[in-house]
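For what it's worth, numbering that gives the first Met the number 0 labels the leading residue of the sequence shown as 0, then goes sequentially.
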Amino acid sequence: MNWHLSPVLAISTVHNTKVGYSKSRSTTALLSSDRRTRMSRFASPTATLAAILDPDQHEDLRQWLITLDVKDSTFALEAWTALWHSKDQPTSNAFEFAYNARLSHVFSLPRRTEYQVGLLPINRLVSEFADRTSFASHGDEYIAAALKIRLPGSTTCLQPRKNPAYAVAAAVLKDDANEIVRPLIEQPLKEIVKSVAWNSDNVTGFFASVITMREMARFPELYVGSDIAAADPDVPALAVLQLESQHKLCVIGNGELTIVRSIVDALCMVLQMAQSSDDGAATIMKVLRKEDTTSALAHAFAESTAIE
0 MNWHLSPVLA ISTVHNTKVG YSKSRSTTAL LSSDRRTRMS RFASPTATLA AILDPDQHED
60 LRQWLITLDV KDSTFALEAW TALWHSKDQP TSNAFEFAYN ARLSHVFSLP RRTEYQVGLL
120 PINRLVSEFA DRTSFASHGD EYIAAALKIR LPGSTTCLQP RKNPAYAVAA AVLKDDANEI
180 VRPLIEQPLK EIVKSVAWNS DNVTGFFASV ITMREMARFP ELYVGSDIAA ADPDVPALAV
240 LQLESQHKLC VIGNGELTIV RSIVDALCMV LQMAQSSDDG AATIMKVLRK EDTTSALAHA
300 FAESTAIE
């Protein structure tokens, strides 16, 4: 048995090969501090190791991993790999195993397409604010989302959702990687926002608009594809879900996914859902309702012009 020891946690899983010999694989699980705050039964590396070594805990561990908001890709991959090796799996690797499990959870969430939303002049505020900000805090999240939507879901399902998957893009796209990644880095977000068709469901414009809102108020969270599994369905957020080869804009909240028709509908709905529970949403709503007329954000709104 070949052991590759980790200073934090090392395990060896053994399974039989076709010819009857045993094959050993080792995995390493590294836990970040913010993940520990969300843990219950799996509150430490020791508890995670104990769960992996105890088949009776595998399903509980799998369910926890499905809804994990990945911050440490090494931990996520190694934990899923351990479960994948624990018994025969129909998938060819741990990435596919994890992706199928997370996507299945997403598709199990209640969905609706009928909705009512009160329209707000959020497009004016987003457009004006985008022209004033450098996107220093959340600009990389735009690249992360835009890149994720261009790559196979199984290759990015264990990538932290706010970090651009540059290494994955290089491995998957090979010689085409530079052609796809460079424009995402070089095109100013403010230019994208200026050209947003607010009544469309264009994904690029949607991502740029959401990230602009995050720059102004750190709201809302954005989830793409299988990452929706990590969202609390009762906490208002925005997402993009692929259905029948089409990307659909979604609002998360009230325990369900609402598929919306346009960017402006999504932004208005998530603000109205979260205004009493999220400080960032409340801040934006006060500006839009002209209850705040003195802040920098309010001045930006006052100087904005309607965007058709």
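Ideal Cβ positions, reconstructed from N, Cα and C, are used throughout, including at glycine.
Sheet register partners of residue i (DSSP bridge)
i       : result
Thr-154 : DSSP, once it has assigned bridges, lists no residue as partnering Thr-154.
Leu-256 : Arg-110 and Ile-251
Tyr-165 : DSSP lists no partner for Tyr-165.
Gln-221 : The question names Gln, but residue 221 is Leu in the sequence shown. In DSSP, Leu-221 forms a bridge with Leu-237.
Three-state class that DSSP yields for residue i in the structure shown
i       : result
His-309 : One cannot answer for residue 309 here, as it falls past the ends of the chain, which runs 0 to 307.
Val-357 : In the structure displayed, the chain extends from 0 to 307; residue 357 sits before or after that span and is not available.
Arg-37  : Here the model assigns Arg-37 a pLDDT of 45, short of 50, so the residue's position is not dependable and the matter cannot be decided.
Lys-173 : helix
Thr-292 : coil
Val-180 : helix
Ala-301 : helix
Ile-121 : helix
His-57  : helix
Ile-65  : helix
Proximity of residue i and residue j at Cβ, strictly below 8 Å
i       : j       : result
Ile-142 : Gly-204 : no
Ile-210 : Glu-140 : yes
Gly-252 : Met-272 : yes
Asp-200 : Arg-149 : no
Glu-239 : Cys-249 : Residue identity differs from the one stated: residue 239 is Val in this sequence, not Glu. The answer is yes: Cβ separation under 8 Å.
Leu-188 : Ala-129 : yes
Ala-164 : Leu-146 : yes
His-57  : Ser-91  : no
Asp-59  : Arg-40  : yes
Val-286 : Leu-124 : yes
Thr-112 : Ile-258 : yes
Ser-208 : Gly-152 : no
Arg-160 : Ala-100 : no
Arg-110 : Leu-221 : no
Gly-279 : Ala-216 : yes
Spatial distance of residue i from residue j (CA atoms)
i       : j       : result
Val-116 : Cys-267 : 7 Å
Leu-242 : Pro-54  : 34 Å
Leu-95  : Leu-270 : At residue 95 the sequence reads Glu, which differs from the Leu that was named. One C-alpha to the other measures close to 35 Å.
Ser-303 : Ala-229 : 36 Å
Leu-157 : Val-69  : 6 Å
Asp-291 : Pro-120 : 15 Å
Arg-131 : Lys-247 : 29 Å
Ala-196 : Ser-107 : 31 Å
Val-202 : Ala-49  : 42 Å
Ala-170 : Pro-219 : 31 Å
Asn-198 : Ala-78  : 42 Å
Pro-44  : Ala-81  : 14 Å
Trp-63  : Ala-144 : 23 Å
Leu-183 : Glu-214 : 18 Å
Phe-300 : Arg-288 : 10 Å
Leu-118 : Tyr-98  : 36 Å
Asp-316 : Ala-168 : Coverage of the chain is limited to positions 0 through 307, which leaves residue 316 absent and any answer about it impossible.
Ala-176 : Ile-191 : 21 Å
Arg-244 : Ser-136 : The amino acid at residue 244 is misidentified as Arg; the sequence shows Ser. C-alpha separation (whole angstroms): 32 Å.
Any non-hydrogen atom of the ligand NAD closer than 7 Å to residue i Cβ
i       : result
Trp-197 : For the structure depicted, the ligand NAD is absent and the ligand set is empty, with no information on it obtainable.
Complete alpha helix (DSSP H) runs within the stretch 185-217 (minimum length 4 residues, chain order): 188-193 and 202-216
Minimum length 4: unbroken alpha helix (DSSP H) runs contained in the stretch 255-286: 262-273
Within the stretch 68-115, ranges of the alpha helix (DSSP H) (whole runs, at least 4 residues): 72-84 and 93-107
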